[in-house]
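Single-structure report; data block below.
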Amino acid sequence: MDAIVTRNLSKVYKGLGKGHHKSLDSLSLTVAANEVFGFLGRNGAGKTTTIKMLCSLLKPTEGDALVFGESTRTRQARRLIGYLPEQPYFYEYLNPKETIAFYGKLQGLTRAERDRQWDKLSELLDLREIATQRIKGFSKGMRQRIGFAVALVGDPPLLILDEPMSGLDPIGRRMIRELILRLRDEKKTLFFSSHVLGDVEQICDRVGILVKGKLVRAGRIDALLGSAVNPVEVICTGLAVADVTRLKEQAELYRAMEELHVFRAATPEIANEMVRQILAAGGKLVEFNPLKETLEDYFMREQTQDGTVRMEGAIQ
Amino acid sequence: MRILAVAENTFRESVRDKVLYVLLFFAAVTILGSKALGWISIGQDIKIVKDISLAATSIFGVLIAIFVGTSLIYKEIDKRTLYTIISQPMHRYEFILGKYLGLMALLAVVTGVMAAVSSVYVLLLGGTLEPVYFLAVLLIYWKLMLITAVALLMSSLTSPILGAVIVFSTYVFGHATGVFKDLPPQFDGTLSKRMLEFAYYVIPNLGNFDIRMEAANDVPVNPAFIAFVLFYGLGYTVVLLILAALAFEEKDV
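Line by line, the protein sequences give chains G and A.
Everything in the first sequence is counted per our numbering, starting at 417 for the first residue and increasing by one.
Everything in the second sequence is counted per our numbering, starting at 619 for the first residue and increasing by one.
Shown next as structure tokens:
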């Protein structure tokens with residue numbers, strides 16, 4: 417059974433008078449069980465709105481969403497979800513142990529079950545040393561660990577994480593990344609939004625890209641990146657000035673160091689033709705490197721291809 | 619258990635609210651300072667102390683209910699603590715009820731402390747305490763129950779400041795509902811009269827909860843009247859809590 421299914425999920429925020437803003441536009445998406453799904457998009461693209469609707473904090477204007485076959489409006493669905501909001505906030509006068517106990521009570525766990533949860537989660541998230549310290553005064557990284565612990569109370573099969581690495585230092589990010597990988601190994605389903613695309617590329621099985629409230633792409637990362645026509649770097653030496661000038665008409669001269677020239681051809685076909693010309697002109701081929709597109713490159717391309725989205729501050 | 623968990627947390631949170639201690643301080647000053655007015659009215663000092671003590675218990679209790687109650691839900695949304703709570707497998711009404719019971723527990727402690735201080739003070743001054751005095755305290759608490767439900771409804775709907783204004787207006791008009799009914803003849807047949815009559819039936823008559831004079835003068839009150847007022851207050855409170863739960867059920871957070 418799929419972990420998440422959304423059908424034409426839409427959210428319109430109504431303003432005063434006739435003003436309204438469509439934050440999410442007919443999102444139809446499926447996330448399989450035991451999958452790690454990265455939900456990408458710029459600020460305001462509709463990621464948090466989607467997550468809030470999955471967690472029953474917002475009501476959809478249209479469409480519906482199911483979690484393991486249960487409508488997200490039901491308590492049963494919420495029992496299956498562990499939710500980590502962006503920059504999680506908890507009662508500051510409670511300590512981590514009391515916080516976990518509080519959420520355990522909200523889940524209807526018995527005292528013995530709550531104690532077991534604390535033992536497990538404090539071990540997993542290294543909370544023992546700060547068990548009796550008030551949350552007030554905790555750093556962002558410590559709060560994030562508590563947020564993860566709260567999301568894991570009751571051992572839900574689906575974790576929905578909103579920007580889990582946002583604002584963390586490199587050590588904090590690494591800890592969260594390793595935790596996500598560990599949860600993936602435990603066969604949890606993870607659905608998370610993130611701006612840290614390098615981490616998403618390492619962790620996720622599939623990604624979805626939202627642009628202005630619309631899902632423009634969804635699929636396996638290797639398939640999405642594999643479908644692109646990748647540029648090729650051609651490094652050569654021993655060419656005359658006239659030959660270099662001729663090659664510059666076919667490809668970008670990326671770098672020139674004494675006799676060494678680095679070209680970037682837009683397609684492998686152009687690169688092959690350039691190699692033929694280099695050898696014919698008596699030059700020497702040093703390297704032929706097909707460049708692998710990163711998720712970040714792909715993401716940026718999707719944003720600009722949309723036609724309506726432009727990079728802020730881009731040189732025209 | 620979920621309702622109790624929220625209630626316990628609300629109590630612990632409200633106990634840390636500085637407004638509570640400022641109001642309690644002024645309430646204690648008013649109760650202990652009531653003897654000064656007693657000196658002015660010769661031979662009436664115990665009555666004055668009882669009267670002012672009950673008035674202080676009522677007014678400061680209402681102020682606590684308004685200031686803490688109107689920000690109960692709003693603060694949870696503003697501080698985003700609500701996100702991880704509402705996403706738990708619980709009904710939203712359980713959260714509303716938990717918040718309400720937590721604040722009522724706090725008000726029970728506050729009312730109890732003020733009643734204890736005033737009772738000890740009256741006894742120290744050589745006065746006696748009749749059961750009607752404690753019935754007056756009970757009715758004050760019952761009134762706070764109703765006011766807190768109004769405050770919670772407002773907290774689900776609007777900002778703390780606007781909510782406080784509306785609840786305070788309800789409190790003031792609730793003590794003067796008779797004015798809406800007994801209008802001069804020139805109002806007959808007008809829209810104003812119909813609107814004021816509507817307000818008369820909608821706004822709770824808080825005067826019903828006030829038996830201060832009887833308590834100050836040790837005059838017994840008919841038990842049937844007390845039962846009626848308790849039932850009246852409970853009815854209003856239940857309706858207001860249902861409205862608060864319905865308002866919160868539909869709320870995007």
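All residues carry an ideal CB built from backbone N, CA and C; glycine is no exception.
Supposed contact pair residue j and residue i - C-beta distance, whole angstroms, cut 8 Å
i: residue 518 of chain G; j: residue 826 of chain A; result: Actually they do not touch by this definition, with Cβ atoms about 39 Å apart.
i: residue 855 of chain A; j: residue 821 of chain A; result: Wrong, their Cβ atoms sit about 14 Å apart, outside the cutoff.
i: residue 578 of chain G; j: residue 501 of chain G; result: 5 Å
i: residue 640 of chain G; j: residue 443 of chain G; result: About 18 Å separates the two Cβ atoms, so there is no contact after all.
i: residue 645 of chain A; j: residue 678 of chain A; result: 4 Å
i: residue 635 of chain G; j: residue 588 of chain G; result: The pair is not a contact, with the Cβ atoms about 30 Å apart (cut-off 8 Å).
Simplified DSSP assignment, three categories, for residue i
i: residue 874 of chain A; result: Because chain A spans 619 through 871 in this model, residue 874 of chain A falls outside it and cannot be assessed.
i: residue 480 of chain G; result: strand
i: residue 509 of chain G; result: coil
i: residue 732 of chain G; result: Unreliable positioning characterises residue 732 of chain G in this predicted model, as indicated by a pLDDT of 28, which lies under 50. A coordinate reading is not provided.
i: residue 441 of chain G; result: strand
i: residue 622 of chain G; result: strand
i: residue 853 of chain A; result: helix
i: residue 419 of chain G; result: coil
i: residue 769 of chain A; result: helix
i: residue 504 of chain G; result: coil
i: residue 426 of chain G; result: strand
i: residue 552 of chain G; result: coil
i: residue 451 of chain G; result: coil
i: residue 651 of chain G; result: strand
i: residue 725 of chain G; result: Since pLDDT at residue 725 of chain G reaches only 41, below the 50 mark, its modelled position is unreliable, and the value read off the structure follows with that caveat. Residue 725 of chain G: coil per DSSP, three-state reduction.
i: residue 702 of chain G; result: strand
CB contact below 8 Å: residue i versus chain A
i: residue 506 of chain G; result: yes
i: residue 573 of chain G; result: no
i: residue 524 of chain G; result: yes
i: residue 554 of chain G; result: no
i: residue 701 of chain G; result: no
i: residue 430 of chain G; result: no
i: residue 723 of chain G; result: Low confidence applies here, because residue 723 of chain G scores a pLDDT of 44, under 50, leaving its location unreliable; read the following figure in that light. Judged by the 8 Å Cβ criterion, residue 723 of chain G is not in contact with chain A.
i: residue 453 of chain G; result: no
i: residue 518 of chain G; result: yes
i: residue 521 of chain G; result: yes
i: residue 550 of chain G; result: no
i: residue 512 of chain G; result: no
i: residue 558 of chain G; result: no
i: residue 714 of chain G; result: no
i: residue 670 of chain G; result: no
i: residue 420 of chain G; result: no
i: residue 501 of chain G; result: yes
i: residue 694 of chain G; result: no
i: residue 527 of chain G; result: no
i: residue 494 of chain G; result: yes
i: residue 731 of chain G; result: Any reading at residue 731 of chain G must be qualified, since the residue scores a pLDDT of 31, below 50, and its modelled position is unreliable; the value itself is stated next. Residue 731 of chain G does not count as touching chain A.
i: residue 530 of chain G; result: no
i: residue 497 of chain G; result: yes
i: residue 600 of chain G; result: no
i: residue 491 of chain G; result: yes
CB contact below 8 Å: residue i versus chain G
i: residue 870 of chain A; result: yes
i: residue 707 of chain A; result: yes
query: If you pair each beta-carbon of the region 745-758 of chain A with each one of the region 827-841 of chain A, do three or more pairs fall below 8 Å?
result: yes
message: So, does the region 762-780 of chain A touch the region 684-703 of chain A, judging by three or more C-beta pairs under 8 Å?
response: yes
task: Could you name the residues of the region 691-704 of chain A whose beta carbon sits closer than 7 Å to any beta carbon of chain G, in the order they occur along the chain?
output: Answer set for the region 691-704 of chain A: 697, 698, 699, 701, 702, 703, 704.
- prompt: So does the region 670-681 of chain A actually touch the region 729-742 of chain A, counting three or more Cβ pairs closer than 8 Å?
  reply: Short answer: they touch.
message: Against chain G, which members of the region 619-630 of chain A pass a CB distance test of less than 9 Å?
response: 619, 620, 622, 623, 624, 626, 627, 630
task: Select from the region 634-655 of chain A all residues with a C-beta closer than 9 Å to any C-beta belonging to chain G, and list them in chain order.
output: 634
- request: For the region 653-671 of chain G and the region 689-697 of chain G, state whether three or more C-beta atom pairs, one from each stretch, are separated by less than 8 Å.
  value: yes
task: Below 7 Å between beta carbons is the criterion; list the residues of the region 563-595 of chain G that meet it against any residue of chain A, in chain order.
output: 566
message: For the region 541-550 of chain G against the region 501-518 of chain G, do three or more pairs of beta-carbon atoms, one drawn from each stretch, fall closer than 8 Å, so that the two count as touching?
response: With a cut-off of 8 Å, the region 501-518 of chain G and the region 541-550 of chain G count as touching, because enough Cβ pairs lie within range.
task: Evaluate contact between the region 472-489 of chain G and the region 549-558 of chain G, counting only Cβ atoms and requiring at least three cross-stretch pairs below 8 Å.
output: no
- prompt: Between the region 456-487 of chain G and chain A, which residues of the former have a C-beta closer than 7 Å to a C-beta of the latter?
  reply: Going along the region 456-487 of chain G in chain order, one finds 471, 472, 473, 474, 475 with a Cβ nearer than 7 Å to chain A.
- request: Could you tell me whether the region 574-591 of chain G touches the region 605-613 of chain G, where touching means 3 or more Cβ pairs closer than 8 Å?
  value: yes
field: At least 3 beta-carbon pairs within less than 8 Å: the region 620-631 of chain G vs the region 452-459 of chain G
entry: Segments in contact, yes.
message: Quick check: the region 715-724 of chain A against the region 629-648 of chain A, are at least 3 beta-carbon pairs closer than 8 Å?
response: yes
query: Counting Cβ pairs closer than 8 Å, one from the region 782-794 of chain A and one from the region 807-823 of chain A, do we hit at least three?
result: Yes, the region 782-794 of chain A is in contact with the region 807-823 of chain A.
field: Meets three-Cβ-pair contact criterion under 8 Å: the region 662-669 of chain A and the region 700-715 of chain A
entry: no
message: Does the structure place the region 559-568 of chain G close enough to the region 478-486 of chain G that three or more beta carbon pairs sit under 8 Å?
response: No, the region 478-486 of chain G is not in contact with the region 559-568 of chain G.
message: Closer than 8 Å between beta carbons: that is the criterion. Which residues of the region 624-643 of chain G meet it against chain A?
response: none
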